[in-house]
Every structure is written in C-alpha cells, then in structure tokens.
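Engineer: According to the numbering used here, the sequence shown is numbered sequentially starting from 112. Each residue gets a CB set at the ideal place from its N, CA and C atoms; glycine is no exception. First, the structure itself, so that you have it in front of you.
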Amino acid sequence: MHDTRWFVMIKKKHTFATELWPHSSMDTCLPAGREWRLTNLKQMAYFVYAIKSEIENRIYVGFTEDLERRIKEHNSGKTRSTKGFRPWKLIHKEELTTRAEARKREIYLKSGCGKEFLKNIIRPHSSMDRMEVS
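Written as structure tokens, this is what we have:
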C-alpha cells in the first residue's frame, strides 16, 4: 500500500517548513503566496517556437504555454514587435517540460548558431550553398 500524502513546501515569513499534505486535498489551495507548487502535480508543457513573416524575411523566436493562442496574438497584431510584419507562419516548435528549459532553448535559437539552424529548416543546404563563389 502506497502512502497518499505529499510533502509541500510552505513559505512562512522568512523560514520554510515542510508539512505533510493529504493527496485528496491537493486540489485546494493555500492563500496566495503561501504555497510552493510541486512540478509533479500538474505537468505543464512549454513550447519554444519560431515563426516567419510571410511579407518579409524575418524570423521571430519565443516560448509560451499555449502555442495556438500565441500565434493568434502575433497574427492579430497584439504583439508590438511582430505587428508590422504580419502574417506569420509557424516554421518550428519544440515541446519542453519546464519553463527554465524552454527559456534556455529560446536563448539558443536566438543565438547565431540557433539562427543558422532555423534558416536551414526554411532552406535546407544544397551542395551549391556550401561552395564558395569567387
């Protein structure tokens, strides 16, 4: 028989206390700011994505919990940095389990190596691309 209790970290002033919390009541929340959520309770998915402007040669990289909603925001003009280059088309997405992983991958895709990776998705290298023209 498995123990159905969970350990939950609770913030109390400047100390941290570990308390046993019955599994059946995990759906109820403590007052705001008093609970440290366990990542095991609800497995969140984060998406790192790249979109390409259909009117200009621009690629935007970001991450979100709701990919469909975020793409709609880009195409409806709600995002200031992408508003002037609508419409946008999804060219790449990756699903990650933590926000930290998603942010790290987003930063990589915005780097020089990451940009090259995304450009290769759009236009795969042919043997002619690798040749230097003098």
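Rounded to the nearest angstrom, what separates His203 and Pro235 at their Cα positions?
Structural biologist: In the sequence shown, the residue the question calls residue 203 occupies position 92. In the sequence shown, the residue the question calls residue 235 occupies position 124. Using only the alpha carbons, I get a separation of about 14 Å.
Engineer: Using beta-carbon positions only, say whether Arg197 and Tyr157 come within less than 8 Å of one another.
Structural biologist: In the sequence shown, residue 197 corresponds to position 86, counting from 1. In the sequence shown, residue 157 corresponds to position 46, counting from 1. Cβ atoms of Arg197 and Tyr157: not closer than 8 Å.
Engineer: Please determine, among Val159, Ile170, Met155 and Gly225, the residue with the shortest C-alpha to C-alpha distance to Lys200.
Structural biologist: On the sequence shown, residue 200 is found 89 positions in, with the first residue counted as 1. The residue with the shortest Cα to Cα distance from Lys200 is Ile170.
Engineer: To which residues does DSSP link Lys175 through a beta bridge?
Structural biologist: For this step, residue 175 is matched to residue 64 along the sequence shown. The residue asked about is misnamed: residue 175 is Thr in this sequence, not Lys. BP columns for Thr175 point to Phe158.
Engineer: Applying the 10 Å Cβ sphere with the 16-neighbour rule, what's the burial state of Ile233?
Structural biologist: Working through the sequence shown from its first residue, we reach residue 233 at position 122. The C-beta of Ile233 has fewer than 16 other C-beta atoms within 10 Å across all chains shown, which makes the residue exposed.
Engineer: By the DSSP assignment, the beta strand (DSSP E) with Glu206 in it spans what residues?
Structural biologist: As a working mapping, residue 206 is identified with position 95 in the sequence shown. In the DSSP assignment, Glu206 falls within the unbroken beta strand (DSSP E) covering Trp199 to Leu207.
Engineer: Would you tell me roughly how many angstroms separate the C-alpha atoms of Arg180 and Glu205, rounded to the nearest one?
Structural biologist: Working through the sequence shown from its first residue, we reach residue 180 at position 69. Working through the sequence shown from its first residue, we reach residue 205 at position 94. Taking the CA atoms as reference points, Arg180 sits about 16 Å from Glu205.
Engineer: Using the three-state DSSP reduction, which class does Ile170 fall into: helix, strand or coil?
Structural biologist: Residue 170 sits at position 59 when you count from the first residue of the sequence shown. If DSSP states are grouped into helix, strand and coil, Ile170 belongs with the strands.
Engineer: Is it buried or exposed, Ile218, if we count other Cβ atoms within 10 angstroms and call 16 or more buried?
Structural biologist: Here the question's residue 218 lines up with position 107 in the sequence shown. Flag for Ile218 reads exposed.
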